[in-house]
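Asks: Would you mind keeping the following structure in view while I ask a few things?
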Amino acid sequence: MPLLLVAHDQAPDGATALEDAVWQLAESHLTFPGSLLVESAVSARYLAEHLRGAMRRAGYDGALLVTPLAEPTLVGLSSEAEEWIRARLA
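For the sequence shown, counting from 1, position 43 maps to 328 in this note's numbering; every step adds exactly one.
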């Protein structure tokens, strides 16, 4: 299943709202400060629209970047995070 990178500029409460919305569409996800990696069959556009709507309903606004993740360079991640990513890109 594809991985999508979601970058955002949300404070912790807004980031939590985004993560809650991701669970509605995603098989699995991984969180980082200011971003999420989302495993989902939906398109980047659909996920961005879904997250934007969830943010607005929760009273948040801000930037979102949603893009497919195909050939990442992994530096400084925990071994668990690297394993999670590699397993999904295999």
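C-beta: ideal position from N, C-alpha, C; glycine also.
1. May I have the straight-line CA-CA distance separating Ile370 from Thr358, to the nearest angstrom?
2. Tell me whether Val351 is buried or exposed, calling it buried when 16 or more other Cβ atoms sit within 10 Å of its Cβ.
3. Quick check on the DSSP output: the beta strand (DSSP E) that includes Ala329 runs from which residue to which?
4. Hey, how far is the Cα of Gly299 from the Cα of Gly361?
5. Taking C-beta to C-beta, are Glu334 and Met286 nearer than 8 Å?
Replies: On the basis of the coordinates in this document:
1. 11 Å
2. buried
3. Here Ala329 belongs to no beta strand (DSSP E); instead the alpha helix (DSSP H) covers 329-342.
4. 25 Å
5. no
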